[in-house]
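**Q** If you read the protein sequences in the order shown, they are chains Z and V. Every letter in the first sequence is one number past the one before it in UniProt numbering, and letter 314, counting from 1, is 314. Every letter in the second sequence is one number past the one before it in UniProt numbering, and letter 238, counting from 1, is 238. All residues carry an ideal CB built from backbone N, CA and C; glycine is no exception. On a predicted model such as this, the values are computed, not experimentally measured, just so you know.
Number of protein chains: 2
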Amino acid sequence: MTQFSYISHLECPKCHKHYDAGQIQQLCKCGSPLLVRYDLEKAKSEISKAALSNRPKNLWRYHEVLPVVQKEHIVSLGEGGTPLQPLPKLGAEYGLNHLYIKDEGIIPTGSFKTRGASVGVSKAKELGVVRLAMPTNGNAGAAWALYCAKADIQATIVMPLDAPLITRKEVYIAGGDLHLINGLISDAGKVVAHLVQQEGVYDASTLKEPYRIEGKKTMGYEIVEQLGWKVPDVILYPTGGGVGIIGIYKALLEMLELGWIEKGKLPRLVAVQAEGCAPIVEAWKKGEKESVFFENSTTSAFGINVPKALGDFLVLEAVYNTGGCAIAVSEEELLESQKQVASFEGNFICPEGAATFAAARKLREEGWIREEELVVCLNTGAGIKYLETVDIHGVQILQPGDTLNAKSSSGNGGRE
Amino acid sequence: MTQFSYISHLECPKCHKHYDAGQIQQLCKCGSPLLVRYDLEKAKSEISKAALSNRPKNLWRYHEVLPVVQKEHIVSLGEGGTPLQPLPKLGAEYGLNHLYIKDEGIIPTGSFKTRGASVGVSKAKELGVVRLAMPTNGNAGAAWALYCAKADIQATIVMPLDAPLITRKEVYIAGGDLHLINGLISDAGKVVAHLVQQEGVYDASTLKEPYRIEGKKTMGYEIVEQLGWKVPDVILYPTGGGVGIIGIYKALLEMLELGWIEKGKLPRLVAVQAEGCAPIVEAWKKGEKESVFFENSTTSAFGINVPKALGDFLVLEAVYNTGGCAIAVSEEELLESQKQVASFEGNFICPEGAATFAAARKLREEGWIREEELVVCLNTGAGIKYLETVDIHGVQILQPGDTLNAKSSSGNGGRE
């Protein structure tokens, strides 16, 4: 009989120490995040990708390579199976014959943080966690609070006062233990660290628990499965904490081991950052293995405003090992791309996702991406969560009884 | 060889006149909306529901019973295949053993209007439409503007000044021809009517084009397929214009004709309204076939603030013919349900969707729904589009350096 999960243990990618996955673990003693390992050899001999075909299209279809051992511990709102859609009009504009969007805005809570929350909260429940805490710039806290509500886990969420109001409301309506701080996410992090140390609360901070990577990696499985078990040539990912790109790279290696994809060239993974916060890009340009704290970081794409990521060395490893690159785009470029994607293709994406399109355009212009290559831009959230990135001007205000003509410019009303 | 679509013609449900589906049609000459008819006998002999199993999980998997004749006219952002999830904790609270949510918030544009937009815009493109216009309270206009952008159709969208800002921004970023009116949706309707009459623009107002029902009906196909081709006992639907409930009823009748579901009892369809706008409920109580204009209507669930629906007679027919009912809930009840669904089950739903949960609870208390019945509440949109329905109060504001203890109530900060 096959196993529901083939999880075997946790492993430190730095010092290679092993840890028991049946117990609560946070960071390695050496300070590195831990990675989940599976008995992939056994899994390969017992399951095939064909077994997946009749399963529901949520991320739990990959349960053999997810960490939850007992099915009843799964906490799911039906997350995953997000659209992978060709963008022919925008591709023509960019000079790309095969441009795709992987649209993670089409998911519960409207952001890809949901994948990490579903797997992270499920595993926390399996491990007996009753209370967890995390600092957040917004979307992750919202997702974890909602999944914790379903799991009956108390969630203490600390976010800066200037985090988006919508994410604050999500935590609140979920009944989460919400705290606002008149400071940065690093100040929120200190509040959480104190709570973890003093009270033994489970630390759900990015990469301080090993399981959200497992949720995020399912984006990699999905992209490949949706392309008929073929890998694209390039995947562009908006990189803040970098959990997604680490996860996608991990998924590619696992699929190779499982024999689900053919040995050969992996997709070139591109870490996209904003010019106002580009520590990974700086490190990549110098060929460094780790990044340096990026001072005074700023960008409207708040999800990628991470001056120094705990998993920076894993992000850089993914980029180097796949022949990828790291690239920064300006605020103007990313906001222009957001508008262009919506007006060409109808996808209202978030500014972080928009950064990947701006980067794809630049890399095509530079010749780093070729016309015939299959390119996937990863949009990490719904534009509707980012009300403030769209400025409206010049819209006509009509009074009852006013009319429009065919050119729609002759209304009698004023301008807003 | 099988056909991509088995569409045969359009039919008036009132006077039964037929119309050519290959030409642009709006209302019947008698003033009624038109319904799309298919050669279901032929379809039954040529296709089976088993053929669906390997198709993508978007709404176009049902293309044989959708109106688009040529596949290349489809305008898709990957809409449909929304989660149908059991809600065991909330079910226990309500005394329902099999309570489900069909969560239409997990869809491009964050609202079920997307289904109508995808099918409506695709068919408009197939019919050669280059410009359309519609009045909207927000979500429909947003969805149509985004799909029209993808289809290269100019979309003139007229919405009241007090429609939600987010939907205005969606139209704007899509490059739609956006107009705001200092009045009600009925005033917006007059602007559109003038444009349609004077300029020959395609009228995309609710039920004035026959195809958005076809998009909405796919919710019915999906619910039944997701339950393993079994029908639930009760489906509760938040009813404004009523296109969804009309569509779900149409889908049930089509599936019967196709032999995809067994003859027997249909699900009892429940039209849920807000007490502040309950014309269908008033009509149903009196056993009337049509509703009367509901004066001075008001509700925070703006999507169901429709004082007199053009398709009211079709909504009432669906309710009567399935042994369903119509029920109104108060503002307090629907907002309390919104909070309860999020804090019990993690789904942040819209106030319209919340009304169906308040109704399910009431109908269970009254004994109209029995404990063992399979009940589906239809949530029509993402809560994140309704920022203003969640009021936050009593949240602590910390200063950098403050700490929390395990009871999380002793922070040193003030209250917001």
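So if DSSP puts glutamate 11 (chain Z) in a beta bridge, which residue, or which two residues, is it bridged to?
**A** Mapped onto the first sequence, residue 11 (chain Z) falls at position 11. Z:His18 and Z:Leu35, per the DSSP bridge assignment.
**Q** Starting from the beta carbon of glutamine 399 (chain Z), find every residue of chain V whose beta carbon is closer than 9 angstroms, and list them in chain order.
**A** For this step, residue 399 (chain Z) is matched to residue 399 along the first sequence. Within chain V, the residues near glutamine 399 (chain Z) are Ile181, Asn182, Gly183 and Asp187.
**Q** Going residue by residue through the stretch 139-209 of chain Z, where are the continuous alpha helix (DSSP H) segments of at least 4 residues, counting only ones entirely within it?
**A** Runs found: 139-151, 165-173 and 185-199.
**Q** Leucine 77 (chain V) touches chain Z at which residues, Cβ-Cβ below 7 angstroms?
**A** As a working mapping, residue 77 (chain V) is identified with position 77 in the second sequence. Those are Pro83, Gln85, Gly346 and Asn347, listed as they occur along chain Z.
**Q** Taking Cβ positions only, does serine 111 (chain V) come closer than 7 angstroms to chain Z?
**A** Counted from its first residue, the second sequence places residue 111 (chain V) at position 111. Taking Cβ atoms only, chain Z never reaches closer than 7 angstroms to serine 111 (chain V), which makes this a no.
**Q** Buried or exposed: isoleucine 285 (chain Z), going by 16 or more other Cβ atoms within 10 Å of its Cβ?
**A** By one-based count along the first sequence, residue 285 (chain Z) stands at place 285. First, the residue type needs correcting, since residue 285 (chain Z) is lysine and not isoleucine in the sequence shown. So lysine 285 (chain Z) counts as exposed.
**Q** Please classify methionine 1 (chain Z) as buried or exposed, where buried requires at least 16 neighbouring CB atoms within 10 angstroms.
**A** As a working note, residue 1 (chain Z) is residue 1 in the first sequence. Exposed, by the Cβ-count rule.
**Q** Taking Cβ-Cβ distances shorter than 8 angstroms, what residues in chain V pair up with asparagine 405 (chain Z)?
**A** Reading the first sequence from its first residue, position 405 is the one you call residue 405 (chain Z). Simply Leu195, Gln198 and Glu199.
**Q** Identify whether proline 351 (chain Z) lies in helix, strand or coil by the three-state DSSP scheme.
**A** Your numbering for residue 351 (chain Z) matches position 351 in the first sequence. Helix.
**Q** Start and end of the beta strand (DSSP E) containing leucine 27 (chain Z)?
**A** Translated into positions along the first sequence, residue 27 (chain Z) becomes position 27. It is not in any beta strand (DSSP E) - leucine 27 (chain Z) carries neither H nor E in the DSSP assignment.
**Q** Is it buried or exposed, phenylalanine 344 (chain Z), if we count other Cβ atoms within 10 angstroms and call 16 or more buried?
**A** As a first step, residue 344 (chain Z) is located in the first sequence; it is residue number 344 there, counting from the start. It counts as buried.
**Q** How would you call lysine 263 (chain V), buried or exposed, if buried means at least 16 neighbouring beta carbons within 10 angstroms?
**A** Residue 263 (chain V) sits at position 263 when you count from the first residue of the second sequence. Flag for lysine 263 (chain V) reads exposed.
**Q** Leaving out five residues before and five after glutamate 295 (chain V) in sequence, what residues of the same chain have Cβ atoms less than 8 angstroms from its Cβ?
**A** Taking the second sequence and counting its residues from 1, the one referred to as residue 295 (chain V) is at position 295. Correct list, in chain order: Pro307.
**Q** Put alanine 328 (chain Z) into one of helix, strand or coil per three-state DSSP.
**A** Walking along the first sequence from the start, residue 328 (chain Z) turns up at place 328. Reduced to three states, the DSSP call for alanine 328 (chain Z) is strand.
**Q** Taking the DSSP output, what are the residues bridged to valine 376 (chain Z)?
**A** For the purposes of this step, residue 376 (chain Z) is taken as residue 376 along the first sequence, with counting starting at 1. Valine 376 (chain Z) is bridged to Z:Tyr100 and Z:Ile235.
**Q** Nearest-angstrom Cα distance between lysine 14 (chain Z) and valine 341 (chain Z)?
**A** Stepping through the first sequence from its first residue, residue 14 (chain Z) is reached at position 14. Stepping through the first sequence from its first residue, residue 341 (chain Z) is reached at position 341. Spanning the two alpha carbons is a distance of roughly 39 angstroms.
**Q** Verify the CB distance criterion: does residue 425 (chain V) have a CB-CB separation below 7 angstroms to chain Z?
**A** The question about residue 425 (chain V) has no answer, for chain V in this structure spans 1 to 416.
**Q** Provide the residue span of the beta strand (DSSP E) that contains glutamine 273 (chain V), from first to last.
**A** For the purposes of this step, residue 273 (chain V) is identified with residue 273 of the second sequence, where counting begins at 1. 268-274 is the span of the beta strand (DSSP E), which, as asked, contains glutamine 273 (chain V).
**Q** Any C-beta of chain Z sitting closer than 7 angstroms to the C-beta of glutamine 396 (chain V)?
**A** Position 396 of the second sequence, counting from 1, holds the residue named residue 396 (chain V). Yes, its Cβ sits closer than 7 angstroms to a Cβ of chain Z.
**Q** So lysine 125 (chain Z) contacts chain V; which residues on that side make the cut at Cβ distance below 7 angstroms?
**A** Working through the first sequence from its first residue, we reach residue 125 (chain Z) at position 125. Here the premise fails: no neighbours, minimum Cβ distance about 12 angstroms.
**Q** Return the residue from the list V:Glu352, V:Gly176, V:Gly324 and V:Gly323 that minimises the CA-CA distance to glutamate 336 (chain V).
**A** Walking along the second sequence from the start, residue 336 (chain V) turns up at place 336. Of the candidates V:Glu352, V:Gly176, V:Gly324 and V:Gly323, the one whose C-alpha sits nearest the C-alpha of glutamate 336 (chain V) is V:Glu352.
**Q** Going straight from the alpha carbon of serine 118 (chain Z) to that of alanine 151 (chain Z), what length do you get?
**A** The residue you call residue 118 (chain Z) lines up with position 118 of the first sequence. The residue you call residue 151 (chain Z) lines up with position 151 of the first sequence. Serine 118 (chain Z) and alanine 151 (chain Z): Cα-Cα distance of roughly 10 angstroms.
**Q** Can you tell me whether tryptophan 229 (chain Z) is buried or exposed, with buried defined as 16 or more other CB within 10 angstroms of its CB?
**A** One-based indexing of the first sequence puts residue 229 (chain Z) at position 229. Tryptophan 229 (chain Z) is exposed by the Cβ-count criterion.
**Q** Can the beta-carbon of serine 257 (chain Z) be found closer than 7 angstroms to that of leucine 40 (chain Z)?
**A** Position 257 of the first sequence, counted from the start, is the residue given in the question as residue 257 (chain Z). Position 40 of the first sequence, counted from the start, is the residue given in the question as residue 40 (chain Z). At residue 257 (chain Z) the sequence reads glutamate, which differs from the serine that was named. Yes, Cβ-Cβ distance for glutamate 257 (chain Z) and leucine 40 (chain Z) is below 7 angstroms.
**Q** Could you have a look at methionine 134 (chain Z) and say whether DSSP puts it in helix, strand or coil?
**A** Numbered from its first residue, the first sequence carries residue 134 (chain Z) at position 134. If DSSP states are grouped into helix, strand and coil, methionine 134 (chain Z) belongs with the strands.
**Q** Where histidine 18 (chain V) and leucine 195 (chain V) are concerned, what is the direct C-alpha to C-alpha distance, given to the nearest angstrom?
**A** The residue labelled residue 18 (chain V) in the question sits at position 18 within the second sequence. The residue labelled residue 195 (chain V) in the question sits at position 195 within the second sequence. Spanning the two alpha carbons is a distance of roughly 27 angstroms.
**Q** Looking only at its chain, what residues have a beta carbon closer than 6 angstroms to the beta carbon of leucine 77 (chain Z), apart from the 5 residues adjacent to it on each side?
**A** As a working mapping, residue 77 (chain Z) is identified with position 77 in the first sequence. So the list reads Pro108, once near-sequence residues are dropped.
**Q** Hey, which unbroken runs of the alpha helix (DSSP H) at 4 residues or more fall wholly within the stretch 250-327 of chain V?
**A** Runs found: 279-285 and 312-321.
**Q** Looking at chain V, is there any beta carbon in it that lies within less than 7 angstroms of the beta carbon of serine 122 (chain Z)?
**A** For the purposes of this step, residue 122 (chain Z) is taken as the residue at position 122 of the first sequence. Not one chain V Cβ lies under 7 angstroms of serine 122 (chain Z).
**Q** Quickly, what does DSSP pair asparagine 382 (chain Z) with across the bridge? List them, please.
**A** Locating residue 382 (chain Z) in the first sequence gives position 382, counting from the first residue. The question names asparagine, but residue 382 (chain Z) in the sequence shown is alanine. DSSP, once it has assigned bridges, lists Z:Ile349 as partnering alanine 382 (chain Z).
**Q** Hey, could you find the ends of the alpha helix (DSSP H) residue 419 (chain Z) is sitting in?
**A** In the structure as shown, chain Z starts at 1 and stops at 416, and residue 419 (chain Z) therefore has no counterpart that could be examined.
**Q** Please determine, among Z:Val201, Z:Met159, Z:Leu165 and Z:Lys123, the residue with the shortest C-alpha to C-alpha distance to glycine 183 (chain Z).
**A** Residue 183 (chain Z) sits at position 183 when you count from the first residue of the first sequence. Nearest option by C-alpha distance: Z:Met159.
**Q** For glycine 220 (chain Z), which of Z:Pro33, Z:Ile213, Z:Ala251 and Z:Glu209 has the nearest alpha-carbon?
**A** Start at 1 with the first residue of the first sequence, and residue 220 (chain Z) comes out as number 220. If we check each option's Cα against that of glycine 220 (chain Z), Z:Ala251 comes out closest.
**Q** For serine 409 (chain V), which of helix, strand or coil comes out of DSSP?
**A** The sequence position of residue 409 (chain V) within the second sequence is 409, counting from 1. Residue placement at serine 409 (chain V) is poorly supported in this model, since its pLDDT is 44, which falls under 50; the coordinates still yield a value, given next. Note: serine 409 (chain V) maps to coil in three-state DSSP.
**Q** Does valine 390 (chain V) get closer than 7 angstroms to chain Z when you measure Cβ to Cβ?
**A** The count along the second sequence starts at 1 and reaches residue 390 (chain V) at position 390. Yes - at least one Cβ of chain Z is within 7 angstroms of the one on valine 390 (chain V).
**Q** Could you work out which residues of chain Z lie near aspartate 103 (chain V), taking near to mean beta carbons separated by less than 9 angstroms?
**A** As a first step, residue 103 (chain V) is located in the second sequence; it is residue number 103 there, counting from the start. Result: Leu77, Gly78 and Pro108.
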